[in-house]
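Asker:
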Amino acid sequence: MLNKQIFSFGAIVVAIAGTFLLYASVYTLDEAEQAVIVQLGAPVGDPVTEPGLHFKKPFIQEVRRFDKRVISWDGDPNQIPTRGEQFISVDTTARWRIADPLVFMQRVQNERGATMRLNDILDSVVRDKISATDLVEIVRSKDWKISEEDLARVQINGESDEEILLKEVKTGRQELVRSILVQAASQMPELGIELIDIRIKRIDYVEAVEQRVFDRMIAERQRIAEQFRSEGEGRAAEIDGDTKKSLAEIQSEAERAAEAIRGRADAEASRIYSQAFGADPEFYKFLRTLESYTSTLGASTTLMLGTDSEYFRYLRNVDAPEAVAK
Amino acid sequence: MNRNSPPPMNHNPLDDIDWDAFKRYRKLILIVPILLLLVAGAMSSFYIVQPEEEAVVKRFGRVVAQKEPGLHFKLPFGVDTAQMVPTARVLKQEFGFRTTGIDGRTSYRKDRVHQDESLMLTGDLKVIDVEWVVQYRVSDPDAFLHKVRDPEQTLRDVSEAVMRRIVGNSLGSDVLTEKRVQVAASAKQELQKAMEHFELGIQISTIELQDVTPPGPVKPAFNEVNQAEQERERYINEAEKRRNQVIPRAEGQARQVIAEAEGYAAKRINAAKGETERFTAIYEAYLKAPQVTRERMYLEMIDKVLPKAGKIYIMEEGANAPLPLLNLGDGTTTFPKAK
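From first to last, the protein sequence lines are chains E and Z.
Counting in numbering that gives the first Met the number 0, the first sequence runs from 0 upward without gaps.
Counting in numbering that gives the first Met the number 0, the second sequence runs from 0 upward without gaps.
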């Protein structure tokens, strides 16, 4: 009775110990993980990258897990002078992954250590490359092209701007980024890291420069506004001038026509007169003179008439003229 | 357990146990844990995938299946795990602003942080404020979960970099106006390519540019340009208005001047005709008796003239000084010329 009880308890103990042993010699690896097996402090075998169920020696081997996925790195914005001595603030972002977990574990221990190393390397490479490049090469890409049309449209700003706009892009943003990647990536294998991608996330002018750029933009806008206004005034003046011209044309043309009409009428009248009066010019003169006397002589006239005048002839002599003549 | 396992010499602790009670409840003691185990196993052996989701099933951490919406079974006790990913849902990331409330009226926020997202350099080395929205969908849930650690952050970083590259390669005035659509289209293309490069399992649906404006301090100057453009139109319109006020009136006046001249012409010609007709009539009469008519006409003239004349002097033939008929004048004396 007692032995049987002891036996059943022993079986339970063995079962529990067995489960425990099994548990210690089995591990699972997630799809996103990779691992290095460490036996009493020394790494054993190749890193495990296959996800699923794996076995190890219990108790003496431990599993060090690492991320297998692509990891983000985000740098602090750096103030860097470009080759043209313009200070800009550059913010970069990169993607990396643990390519060799064993080397990674030995060199940088964990992601914290890796991030610190990446900060050092990437910051310095970015700084080197940016400070050896002109601003336009950083901002623009290789296929930067400005058409005559575009140039004409933005040309209002003066000579120096035209120069900047026309400046040919030799390397450009993409090529610059690629060279940063190549140079930085070359330092990665010894850290067990693969640098997949690095990008310039933001470029901004530092505050003082930004203010100057804003001022320039404002001045440029104001120039354009002035141009619009003076264009308007110019057009208005042109229309006003045109109006005056039309006015003068209309008026003088009317006067010319009126004069011509009057002239033709005068000529016609003159022709009518001469045709009629030409029949007997002497009689016309006589008639016209008599009429003239009638209208010109008046109250303010003093007439002095000789007694020998035709009118007063009868005042002295009433004989028939034949008698006088004799 | 330790107390139970080694059998002691004198006093057996097992004697203290009420074995009768143990026997009585033996069945129950065995059944309850087994029952609990069964319930837990049943609970963890199925899962429900919602209509907008897909499930990624992993056995011991390794991906073994992807499941469509509905009820599915799996191995219990954590051997199989299912992760749901909303693949049908269109997700959205905002750059340069954040939507804060959508109940009733949608409101937006733009802080200093968001400002930093949207301020960028243009190809003509000016600054522009570009806000945009990226809409995307998880197209490959397995890749989305296992290729990149934080896919959303990667999408954010890459789309900022892409947008800045494209705007940096364009003229600011173009991005503000006609090239908006083009910028969005090339950003989408480039972003999609980067997504494939990283195997993010994300499909970009659209990139839409929202507010594209000049940076804050420069905005008033841009408005000034718009105003000036309107002023230009106003100046021109006013000049045309002045013209319309003047020209038709002048044309009317011109017609008046011509009409007046035509009136003059008619009057002048008619006067000439009248006068000549009168002359002709008198002349025809005169021809019948020239001398008599002449004298009659002369005397008629005298009849008219003499009564009107102020002073009349009649002078004796041969006399030198004039002999006034009436010498009551003002003393001014007119001398006749010697005949």
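Ideal placement from N, C-alpha and C gives every residue a C-beta, glycine not left out.
(1) Leaving out five residues before and five after glycine 215/Z in sequence, what residues of the same chain have Cβ atoms less than 6 Å from its Cβ?
(2) I want to verify the contact list: residues of chain Z whose CB lies under 7 Å from the CB of lysine 200/E, in sequence order.
(3) Please determine, among Glu290/E, Ala93/E, Gln186/E, Ala259/E, the residue with the shortest C-alpha to C-alpha distance to aspartate 149/Z.
(4) Between which two residues does the beta strand (DSSP E) holding alanine 54/Z run?
(5) Are the beta-carbon atoms belonging to glutamine 173/E and serine 140/E less than 7 Å from one another?
(6) In the DSSP assignment, the alpha helix (DSSP H) including asparagine 243/Z goes from what residue to what residue?
(7) State the CB to CB distance for the pair phenylalanine 54/E and glutamate 32/E, rounded to an integer number of angstroms; the pair is presumed to be in contact (CB under 8 Å).
(8) What residues are listed by DSSP as bridge partners for glycine 51/E?
(9) Got a sec, what are the start and stop residues for the beta strand (DSSP E) isoleucine 127/Z sits in?
(10) Looking at the structure shown, is leucine 164/E part of a helix, part of a strand, or coil, going by DSSP?
(11) Look up asparagine 2/E in the DSSP assignment and give the residues it is bridged to.
(12) Quick one: is lysine 91/Z near chain E, going by C-beta distance under 7 Å?
(13) Whose Cβ in chain E lies nearer than 8 Å to the Cβ of histidine 113/Z?
(14) Looking only at its chain, what residues have a beta carbon closer than 7 Å to the beta carbon of tyrosine 26/E, apart from the 5 residues adjacent to it on each side?
(15) At least one CB of chain Z closer than 7 Å to the CB of tryptophan 143/E: is that the case?
(16) Compare the C-beta of arginine 68/E against all C-beta atoms of chain Z and say whether one is closer than 7 Å.
(17) Taking all protein chains shown into account, do 16 or more other C-beta atoms lie within 10 angstroms of the C-beta of threonine 332/Z, making it buried, or fewer, making it exposed?
(18) Using alpha carbons as the reference points, say which of Lys125/Z, Ala258/Z, Pro289/Z lies closest to isoleucine 163/E.
(19) For lysine 244/E, list the residues DSSP reports as bridge partners.
(20) Going by C-alpha distance, which of Gly17/E, Glu258/E, Val35/E, Glu167/E is nearest proline 50/E?
(21) In chain Z, which residues lie with their C-beta within 8 Å of the C-beta of phenylalanine 276/E?
(22) Round the Cβ separation of aspartate 149/E and leucine 208/Z to the nearest angstrom and send it over; I've been treating them as touching at under 8 Å.
(23) In chain Z, what lies closer than 7 Å to threonine 242/E by C-beta?
(24) Give, in chain order, every unbroken run of the alpha helix (DSSP H) that is at least 4 residues long and sits entirely within the stretch 156-222 of chain Z.
(25) Between alanine 264/E and chain Z, is there a C-beta pair that is closer than 7 Å?
(26) Can you list, in chain order, the residues of its chain with a C-beta nearer than 6 Å to that of lysine 3/E? Leave out the 5 residues immediately preceding and following it.
(27) Expressed to the nearest angstrom, what Euclidean distance is found between the alpha-carbon atoms of asparagine 109/E and proline 100/E?
(28) Whose C-beta lies closer than 8 Å to the C-beta of threonine 423/Z among residues of the same chain, with five residues either side of it excluded?
(29) Would you report the Cα separation of serine 7/E and isoleucine 15/E, rounded to the nearest angstrom?
(30) Under three-state DSSP, which class holds glutamate 309/E?
(31) Assign leucine 175/E to one of two classes, buried (16 or more other C-beta atoms within 10 Å of its C-beta) or exposed (fewer than that).
(32) Between Leu199/Z, Asn168/Z, Pro68/Z, Thr99/Z, which lies nearest to alanine 186/Z when the distance is taken from Cα to Cα?
(33) What in chain Z is Cβ-close to arginine 261/E, meaning under 8 Å?
(34) Take isoleucine 165/Z as the anchor and find which of Glu193/E, Ala131/E, Leu165/E, Arg201/E has the nearest alpha-carbon.
(35) On the DSSP bridge list, what partners appear for serine 106/Z?
(36) For the alpha helix (DSSP H) that asparagine 118/E lies in, which residues bound it at each end?
Answerer: In short:
(1) Within the same chain, no residue comes within 6 Å of glycine 215/Z by CB-CB distance, once the 5 residues on both sides are set aside.
(2) For the C-beta of lysine 200/E, the chain Z residues within less than 7 Å are, from N- to C-terminus, Asp156, Glu159, Ala160.
(3) Closest option to aspartate 149/Z, Cα to Cα, is Ala93/E.
(4) That run of the beta strand (DSSP E) goes 53-58.
(5) Yes, the pair counts as a contact, with Cβ atoms nearer than the cut-off.
(6) First-last of the alpha helix (DSSP H) with asparagine 243/Z: 218-287.
(7) Your pair phenylalanine 54/E and glutamate 32/E does not check out as a contact, with CB atoms roughly 16 Å apart and the cut at 8 Å.
(8) Answer by DSSP bridge pairing, in chain order: Leu28/E.
(9) First-last of the beta strand (DSSP E) with isoleucine 127/Z: 126-137.
(10) Leucine 164/E falls in the helix class under three-state DSSP.
(11) According to DSSP, which records beta bridges pairwise, asparagine 2/E is partnered with nothing at all.
(12) At least 7 Å separates the CB of lysine 91/Z from every CB of chain E.
(13) The contacting residues do not exist; histidine 113/Z stays about 13 Å from chain E at best.
(14) So the list reads His53, Lys55, Val62, once near-sequence residues are dropped.
(15) Tryptophan 143/E has a beta carbon lying within less than 7 Å of a beta carbon in chain Z.
(16) True, the Cβ-Cβ gap to chain Z drops below 7 Å.
(17) Because threonine 332/Z sits at a pLDDT of 48, beneath the cut-off of 50, its placement in the model cannot be relied upon, and the following sentence gives the value as read from the coordinates. Threonine 332/Z comes out exposed.
(18) Answer by Cα proximity: Lys125/Z.
(19) BP columns for lysine 244/E are empty, so no partner.
(20) Comparing alpha carbon positions, the residue from Gly17/E, Glu258/E, Val35/E, Glu167/E closest to proline 50/E is Val35/E.
(21) Per Cβ cutoff of 8 Å: Thr275, Phe278.
(22) Their Cβ separation, rounded to whole angstroms, is 20 Å, which puts aspartate 149/E and leucine 208/Z out of contact at 8 Å.
(23) Counting only Cβ-Cβ distances below 7 Å, threonine 242/E has contacts in chain Z at Arg241, Arg242, Val245, Ile246, in chain order.
(24) For the stretch 156-222 of chain Z, the full-length alpha helix (DSSP H) segments reaching 4 residues or more read 171-175, 179-197 along the chain.
(25) The beta-carbon of alanine 264/E is placed less than 7 Å from the nearest beta-carbon of chain Z.
(26) Excluding residues within five positions, none has a Cβ falling inside 6 Å.
(27) So the two alpha carbons sit approximately 10 Å from each other.
(28) One cannot answer for residue 423/Z here, as it falls past the ends of chain Z, which runs 0 to 338.
(29) Distance from the CA atom of serine 7/E to the CA atom of isoleucine 15/E, rounded to whole angstroms, is 13 Å.
(30) DSSP places glutamate 309/E in coil when its eight states are reduced to three.
(31) With 16 or more neighbouring CB atoms inside 10 Å of its own CB, leucine 175/E falls in the buried class.
(32) Considering only alpha carbons, the answer is Asn168/Z.
(33) Chain Z residues near arginine 261/E: Ala260, Tyr263, Ala264, Arg267.
(34) Closest option to isoleucine 165/Z, Cα to Cα, is Arg201/E.
(35) Beta-bridge pairing links serine 106/Z to Gly100/Z.
(36) Counting along the chain, the alpha helix (DSSP H) containing asparagine 118/E begins and ends at 110-130.
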